[in-house]
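Following: one structure in structure tokens, then a few remarks.
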Amino acid sequence: MGKSPLDPILSGERLALARLLTEVENDSPAARLMLDNLFPHTGKAHLIGVTGAPGTGKSSLVNQIALHYRRTSEANPRRVAIVAVDPTSPFTGGAVLGDRVRMRDLAGDPGVFIRSMASRGSLGGLAQATAGMVQVFDAAGFEIILIETVGAGQTEVDIARLAHTTLVVESPGLGDDIQAIKAGILEIADILVINKADLPGVENAESALRGMLSLAHPVQKIFHHSQDMSLPEIKTPEALQWEPPLLRTIATDGTGVEELLAAIDQHALHLRQSGGWKRREQARLEAELQTLLTGTLVAEFRANIPAERYNELVEQLVQRTLSPNEAVKILFKRRA
Amino acid sequence: MSERKIRVLVAKPGLDGHDRGAKVVARALRDAGMEVIYTGLRQTPEMVAEAALQEDVDIVGLSILSGAHMTLIPRILELLKTNGQDRVKVFVGGIIPDEDCPRLKEIGVTAIYGPGAPIEKIVNDIRLALEPAS
Chain A
0 MGKSPLDPIL
10 SGERLALARL
20 LTEVENDSPA
30 ARLMLDNLFP
40 HTGKAHLIGV
50 TGAPGTGKSS
60 LVNQIALHYR
70 RTSEANPRRV
80 AIVAVDPTSP
90 FTGGAVLGDR
100 VRMRDLAGDP
110 GVFIRSMASR
120 GSLGGLAQAT
130 AGMVQVFDAA
140 GFEIILIETV
150 GAGQTEVDIA
160 RLAHTTLVVE
170 SPGLGDDIQA
180 IKAGILEIAD
190 ILVINKADLP
200 GVENAESALR
210 GMLSLAHPVQ
220 KIFHHSQDMS
230 LPEIKTPEAL
240 QWEPPLLRTI
250 ATDGTGVEEL
260 LAAIDQHALH
270 LRQSGGWKRR
280 EQARLEAELQ
290 TLLTGTLVAE
300 FRANIPAERY
310 NELVEQLVQR
320 TLSPNEAVKI
330 LFKRRA
Chain B
0 MSERKIRVLV
10 AKPGLDGHDR
20 GAKVVARALR
30 DAGMEVIYTG
40 LRQTPEMVAE
50 AALQEDVDIV
60 GLSILSGAHM
70 TLIPRILELL
80 KTNGQDRVKV
90 FVGGIIPDED
100 CPRLKEIGVT
110 AIYGPGAPIE
120 KIVNDIRLAL
130 EPAS
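Chain order of the listed sequences is A and B.
For the first sequence, numbering that gives the first Met the number 0 assigns the number 0 to the initial residue and increments by one for each residue that follows.
For the second sequence, numbering that gives the first Met the number 0 assigns the number 0 to the initial residue and increments by one for each residue that follows.
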């Protein structure tokens, strides 16, 4: 058998996998080459995004979801990969990644691979790195990939959009119905989970969310680079029929997780039957292409501008003798 | 962007339940710009080694106050080696009697810190330990 550097990844060798994930996260040239070669092997996994405000119990819930996936299909349990994103300090560049604390039940199971990831700095870079890591897991044969993010902004929404199925996790007492109205994040939910359902206030939270859901999902939408691109044509009536279910869970003891898994699987089935799976894949890959294209174009453009000239313009901006728009015009003219 | 961040696993193997020290160190390393994966209390050597592998860390920091270090640490070092992570440096903090230190260093522990060790020193030692490798 010919030895290819892909083999250890495709056969799911854990050390090779872990090292490649680091390379991908650092966006090294070697990693890009590997991703290129792995790409034909991807597209098989069910990507599940889990997002929601800090403290809603996302990590505990992810732990339970993974446990149940490993337990329920006993004959041939699905392999589960988890990408857990925590924020990087904007001041020091460091991070404390603590999601594993809640995932100790999964230790010792060779069918589970948990990788923590710091959000680091760059705009768009995080989504790109996450996409790369997901591709590695996908190629390595993990059938279920859970992506856990802190639901605190647009980047997280971008990451959640990587997923086929997005869970938005809420918990009682985190905010009133005004929060529910504000939260654009509700609109990306395929399944809404009220975790910590044993806490008081769960009825209020549920009725507020139910009210918002009926408003948030009048038509099916695909959000793409923050623009609302409502589907131009709706071919199948099924496309309209997915109404995000609202489920209660208690992640600390596993209550409601079985129902949640059923809903996740049902959503996957719905996507496949309605053609939504393909549409999401297309939107996702197109967004990835656009991000890469933007990055490459900017890098190439910048390479042709002498650093002194660039800094000069920045200095002019600081002096307010030039506006950012004018600076862009000057840079473009210079090149033409 | 492609600058390699130092990744550190901070783990508490064994049965003692005092993780204040481990948390202080985790925070200090974060403030030094490192990415710290914190695993929480009561980890078995197997759990520590598995986390170190999955997270592809450069450093494993162990906090042990229970007195079981001469059992736990050799086991963790052995598992790291079995997993192919020979290059991972192991730092230990906690209550380690002086007479145990030579033996621990002999089997591969890079540094050992007792109570009151200055955090700047730990940060510096980590940076120094990784320098020739990268």
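Using N, Cα and C, we set each Cβ at its ideal position, and we do this for glycine too.
Please read all numbers here as calculations on a predicted model, not as lab measurements.
Check: 8 Å Cβ shell around Pro375 (chain A) - same chain, five flanking residues per side excluded; Outcome: Outside the modelled stretch of chain A, which goes from 0 to 335, sits residue 375 (chain A), for which no answer is possible.
Check: Option in B:Ala48, B:Ile36, B:Asp124 and B:Asp97 with minimal Cα separation from Ala117 (chain A); Outcome: B:Ile36
Check: The segment 73 to 90 of chain B: positions lying closer than 8 Å to chain A by Cβ; Outcome: Asn82, Gly83 and Gln84
Check: Contact with chain B by Ile64 (chain A), beta-carbon distance below 7 Å; Outcome: no
Check: Contact check, Ala74 (chain A) vs Met46 (chain B), beta carbons under 7 Å; Outcome: no
Check: Endpoints, the beta strand (DSSP E) within which Glu147 (chain A) is located; Outcome: Ile143 to Glu147
Check: Distance, Arg101 (chain A) Cα to Gly113 (chain B) Cα; Outcome: 28 Å
Check: Cutoff 7 Å; reference Lys195 (chain A); Cβ partners in own chain excluding five residues on either side; Outcome: Gly56, Ser170, Pro171 and Ile249
Check: CB of Arg29 (chain B) within 7 Å of CB of Ala94 (chain A), strictly; Outcome: yes
Check: Cβ pair Gly51 (chain A), Val167 (chain A) closer than 7 Å; Outcome: yes
Check: Limits of the unbroken beta strand (DSSP E) element including Ile47 (chain A); Outcome: His45 to Thr50
Check: Proximal chain B residues relative to Val135 (chain A), where beta-carbon distance stays under 7 Å; Outcome: Residues of chain B passing the Cβ test: none, with the nearest at roughly 12 Å.
Check: Opposing strand residues paired with Asp85 (chain A) [DSSP bridges]; Outcome: A:Ala117
Check: For Thr295 (chain A) and Val89 (chain B), the rounded distance between their alpha carbons; Outcome: 39 Å
Check: Residues in the segment 30 to 64 of chain B having any Cβ partner in chain A nearer than 7 Å; Outcome: Asp30, Ala31, Gly32, Met33, Glu34, Val35, Ile36, Tyr37, Thr38, Gly39, Glu45, Met46, Glu49, Ala50, Leu52, Gln53, Glu54 and Asp55
Check: Candidates A:Val82, A:Leu198, A:Leu32 and A:Asp189: closest to Leu268 (chain A) by CA position; Outcome: A:Asp189
Check: Enclosing alpha helix (DSSP H) for Ile64 (chain A) [first to last residue]; Outcome: Lys57 to Thr71
Check: Alpha carbon of Pro96 (chain B) to alpha carbon of Gly115 (chain B), nearest angstrom; Outcome: 14 Å
Check: 6 Å CB neighbourhood of Gly131 (chain A) in its chain, flanking five on each side removed; Outcome: Val23 and Leu34
Check: Neighbour-count burial assignment, Phe331 (chain A), 16 or more Cβ in a 10 Å radius; Outcome: exposed
Check: Ala29 (chain A), enclosing alpha helix (DSSP H) - first and last residue; Outcome: Pro28 to Leu37
Check: Own chain residues within Cβ distance below 6 Å of Gln315 (chain A), not counting five before or after; Outcome: Leu321
Check: Cβ contact check for the segment 3 to 11 of chain B and the segment 48 to 63 of chain B: 3 or more pairs under 8 Å; Outcome: yes
Check: Endpoints, beta strand (DSSP E) assigned at Ala27 (chain B); Outcome: That residue, Ala27 (chain B), is in no beta strand (DSSP E); its alpha helix (DSSP H) goes Arg19 to Asp30.
Check: Endpoints, beta strand (DSSP E) assigned at Phe300 (chain A); Outcome: Run containing Phe300 (chain A): none in the beta strand (DSSP E); it sits in the alpha helix (DSSP H), Gly275 to Ala302.
Check: Contact set between the segment 74 to 97 of chain A and chain B, restricted to residues whose Cβ is under 7 Å from the partner; Outcome: Ser88, Thr91, Gly92, Gly93, Ala94, Val95, Leu96 and Gly97
Check: Test: Arg3 (chain B) CB closer than 7 Å to a CB of chain A; Outcome: yes
Check: C-beta neighbour in chain B for Val297 (chain A), strict 7 Å; Outcome: no
Check: Interface flag, Phe38 (chain A) vs chain B, CB-CB below 7 Å; Outcome: no
Check: Leu185 (chain A) to Ala67 (chain B) span [Cα, whole Å]; Outcome: 49 Å
Check: For Ile190 (chain A), three-class secondary structure by DSSP; Outcome: strand
Check: Three-state secondary structure (DSSP) of Thr41 (chain A); Outcome: coil
Check: For Ser62 (chain B), the three-state DSSP class (helix, strand or coil); Outcome: strand
Check: 7 Å Cβ cutoff, Ala25 (chain B) in contact with chain A; Outcome: yes
Check: Thr184 (chain B): first and last residue of the uninterrupted beta strand (DSSP E) it sits in; Outcome: Coverage of chain B is limited to positions 0 through 133, which leaves residue 184 (chain B) absent and any answer about it impossible.
Check: As assigned by DSSP and simplified to three states, the class of Gln318 (chain A); Outcome: coil
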